[in-house]
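Shown next, in structure tokens, is the structure this report addresses.
Numbering (the working numbering), first residue to last: 27 to 455.
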């Protein structure tokens, strides 16, 4: 599973001269910035630098000229510049999108002082990563062209919709929907819906070239920003955490129903995909509502949380998911355990269950155990495939070729189950 995002719950410490500046979630679940003396710090009397807003403060960096603040905003990030003497201003970014890397400029000037400004990478649902430097004197971002632009780096024929979906308890859940211009939203489109919802991690996955192959086939991609993630700050994270974890997959189910009711797709053309802790989200969505999905893709998933605590990486995750040592902890883990909610005779969707044999975060036995149980229990007759890579782990160190091969297998599996005939095959007939 993903490493615990401690930066989401602990202060970031930065200093400029004799000042200590930090982010804190105290009385501000979406974070605020305060400052105090570095020599004689007194947090109780810290001065407010930037108040909490409707967007979540993701990171801060102290450059030579100013403090730069990165703020999350439903796939449209903001960067605030706060001079050490002056008012805060919002910078005009090169385009609306996601700031993926954010740091002060590491170069040195002729007098060995740090260059002013920042360096960042930007991407969006339809644009691949580009690197920019911000010049504080000209107040402009300039792209650093480290490599030539490719034909599919920023296709202009894709549409992005940002919507909010009402969940089971009335909470509005953000969802991003991407598809190619010209397709008809009549319920016949294949749709690939991804969810995560853990560790306060925001699910913003920038456009990748291989995704365009899906859009070319008329496919829709959607990303459900469910509770347990960090999209709306610490409160959003805590609302899908331990005893509140059911909100995570119920939000995902609500997003699924929205896509069906609004004719983006239909249950016979809908695939759910989750990675790592996203295995809880997808595993429980398909065991609670198997009728909504035609395909489930479970990648290195946490599929048997009740047993997680007994694994080498289990104690590390007690803080996130809880422990069986208390009754409340056991009940919460049982609720999020997809393996224990498989029932005989249920018509489960087709599944591709993927794991790396050297995975030390989520042991491969979780996937193999889950696959065997579904194969024995499902009455749908649909395939349940187990894809094991003996030279891979949790995916962190996988090569580009391994990632491409895995994605090709996933796309092929979905196309098979959705009866998406290849255009070349049509022409040959």
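The C-beta atom is built at its ideal place from N, Cα and C for all residues, glycine as well.
Since the structure is predicted, the reported quantities are computational estimates derived from the model, not experimental observations.
Where residue i falls: helix, strand or coil (DSSP)
| i | result |
| --- | --- |
| residue 247 | strand |
| residue 454 | The predicted model places residue 454 with a pLDDT of 46, which falls under 50 and marks its position as unreliable, so this point remains unresolved. |
| residue 166 | strand |
| residue 157 | strand |
| residue 427 | helix |
| residue 224 | coil |
| residue 198 | strand |
| residue 142 | coil |
| residue 56 | coil |
| residue 130 | strand |
| residue 267 | coil |
| residue 325 | strand |
| residue 367 | helix |
| residue 100 | coil |
| residue 109 | strand |
| residue 252 | coil |
| residue 204 | strand |
| residue 75 | strand |
| residue 217 | strand |
| residue 33 | For residue 33, the pLDDT reaches just 38, beneath the cut-off of 50, and the residue's location in the model is therefore unreliable, leaving the point undetermined. |
| residue 231 | coil |
| residue 319 | coil |
| residue 209 | coil |
| residue 333 | helix |
Assigned exposure category for residue i - 16 Cβ within 10 Å defines buried
| i | result |
| --- | --- |
| residue 200 | buried |
| residue 338 | exposed |
| residue 362 | buried |
| residue 121 | exposed |
| residue 173 | exposed |
| residue 171 | exposed |
| residue 74 | exposed |
| residue 240 | buried |
| residue 163 | exposed |
| residue 302 | buried |
| residue 313 | buried |
| residue 127 | exposed |
| residue 420 | buried |
| residue 98 | buried |
| residue 442 | exposed |
| residue 370 | exposed |
| residue 341 | exposed |
Closest by C-alpha distance to residue i, when choosing among the options
| i | options | result |
| --- | --- | --- |
| residue 296 | 191, 127, 323 | 323 |
| residue 190 | 176, 121, 118, 283 | 283 |
| residue 13 | 431, 152, 326, 111 | Residue 13 cannot be examined here, being either before or after the span of the chain that is shown, 27 to 455. |
| residue 1 | 192, 351, 370 | The structure shown does not extend to residue 1, since the chain is modelled only from 27 to 455, so the question has no answer here. |
| residue 266 | 392, 206, 346 | 346 |
| residue 504 | 206, 115, 195 | Here the chain covers residues 27 to 455 and nothing more, so residue 504 does not appear. |
| residue 169 | 407, 148, 162, 305 | 148 |
| residue 155 | 325, 233, 413 | 233 |
| residue 429 | 90, 237, 396, 68 | 237 |
| residue 385 | 415, 397, 376 | 415 |
| residue 418 | 380, 184, 160, 157 | 380 |
| residue 390 | 427, 370, 334, 358 | 334 |
| residue 45 | 72, 387, 54 | 72 |
| residue 176 | 235, 130, 198, 229 | 235 |
| residue 59 | 76, 53, 70 | 76 |
| residue 263 | 446, 289, 229 | 229 |
| residue 446 | 57, 215, 360 | 215 |
| residue 292 | 217, 55, 129, 245 | 217 |
| residue 382 | 188, 422, 336, 213 | 422 |
| residue 123 | 231, 395, 159 | 231 |
| residue 213 | 396, 397, 245 | 245 |
| residue 395 | 387, 255, 433, 368 | 368 |
Sub-8 Å separation of residue i and residue j beta-carbons
| i | j | result |
| --- | --- | --- |
| residue 125 | residue 105 | yes |
| residue 378 | residue 411 | yes |
| residue 119 | residue 107 | no |
| residue 404 | residue 374 | yes |
| residue 372 | residue 316 | yes |
| residue 327 | residue 355 | no |
| residue 82 | residue 258 | yes |
| residue 227 | residue 252 | no |
| residue 61 | residue 47 | yes |
| residue 92 | residue 67 | no |
| residue 329 | residue 304 | no |
| residue 184 | residue 157 | no |
| residue 260 | residue 51 | yes |
| residue 364 | residue 309 | yes |
| residue 202 | residue 311 | no |
| residue 281 | residue 219 | yes |
| residue 248 | residue 444 | no |
| residue 129 | residue 141 | no |
Checklist entry - Is there contact here, the region 218 to 227 with the region 268 to 285, by at least three beta-carbon pairs under 8 Å? => result yes
Next on the checklist: Check whether the region 63 to 70 and the region 82 to 93 touch, using three or more Cβ-Cβ pairs below 8 Å as the test.
Outcome noted: no
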